[in-house]
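Residue numbers (UniProt numbering): 1 to 152.
1) If we ignore side chains and look at the alpha-carbon of each, how far apart do residue 104 and residue 23 end up?
2) Determine the DSSP secondary structure at residue 99, reduced to helix, strand or coil.
3) With residue 66 and residue 14 assumed to form a contact (beta carbons below 8 Å), what rounded beta-carbon distance in angstroms separates them?
4) Given 8 Å as the limit, is there contact between the segment 32-45 and the segment 78-86, that is, 3 or more CB pairs closer than that?
5) Determine, using beta carbons only, whether residue 6 and residue 92 come nearer to each other than 8 Å.
6) Using alpha carbons as the reference points, say which of 10, 99 and 26 lies closest to residue 131.
7) Buried or exposed: where does residue 133 fall if 16 or more other Cβ atoms within 10 Å of its Cβ makes it buried?
8) When the Cα atoms are used, what is the spatial distance from residue 96 to residue 108?
9) If you reduce the DSSP assignment to three classes, tell me which class residue 87 lands in.
10) Which same chain residues end up closer than 7 Å to residue 18 when comparing Cβ atoms and leaving out the 5 residues on each side of it in sequence?
11) Can you give the beta carbon distance from residue 27 to residue 16, rounded, assuming they're within the 8 Å contact cut?
12) When the distance is taken between beta carbons, is residue 112 closer than 8 Å to residue 124?
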């Protein structure tokens, strides 16, 4: 089994459905992968920009249900519970396979559809991906702790 790190580059969202009509939209993204979860900062409006990077530990091969990344868009509320806006689900098995085979793999930011709980369209989110195997990182003289520290 190969171990490595996947960098998720959260770029922006557009045309998000406004879940909070009276107070404007304050979206953030919860990124979930294989039991790991990270959260973006809170942005402003339906055309939000984050330009943030997150790092997740990955293993390949793994059971097929572990290749799914959930990008859950939430609307921050200050007086009540945060509202679920929608989510995008991205399967990254091919990215991880290439990353293990070649030592690294990258997908420039792409648009993914944001879908509500009722399966209706609710905007789009731009996300990029990089995967580096631990073997490749060690060959390059970099350690996992250095990579994580440089991304923060």
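Even for Gly, the Cβ is constructed at its ideal location relative to N, Cα and C.
Because the structure is a prediction, the values reported are computed rather than measured.
In short, the structure shows the following:
1) Reading the chain shown from its first residue, position 104 is the one you call residue 104. Reading the chain shown from its first residue, position 23 is the one you call residue 23. About 43 Å.
2) For the purposes of this step, residue 99 is taken as the residue at position 99 of the chain shown. In this structure, residue 99 counts as helix in the three-state DSSP scheme.
3) Here residue 66 refers to the residue found at position 66 of the chain shown. Here residue 14 refers to the residue found at position 14 of the chain shown. The Cβ separation is near 30 Å, so there is no contact.
4) no
5) The count along the chain shown starts at 1 and reaches residue 6 at position 6. The count along the chain shown starts at 1 and reaches residue 92 at position 92. For residue 6 and residue 92, yes; Cβs fall inside 8 Å.
6) As a working mapping, residue 131 is identified with position 131 in the chain shown. Measuring from the Cα of residue 131, the nearest candidate turns out to be 99.
7) Locating residue 133 in the chain shown gives position 133, counting from the first residue. Per the 10 Å Cβ criterion, buried.
8) The sequence position of residue 96 within the chain shown is 96, counting from 1. The sequence position of residue 108 within the chain shown is 108, counting from 1. Distance between the alpha carbons of residue 96 and residue 108 is about 15 Å.
9) In the chain shown, residue 87 corresponds to position 87, counting from 1. It is a strand residue.
10) Residue mapping note: residue 18 aligns to position 18 of the chain shown, counting from 1. Cβ within range, chain order: 25 and 46.
11) Taking the first residue of the chain shown as position 1, residue 27 is located at position 27. Taking the first residue of the chain shown as position 1, residue 16 is located at position 16. Sure, about 6 Å apart at Cβ, within 8 Å.
12) Looking up residue 124 in the chain shown gives position 124. Looking up residue 112 in the chain shown gives position 112. Yes. Within cutoff.
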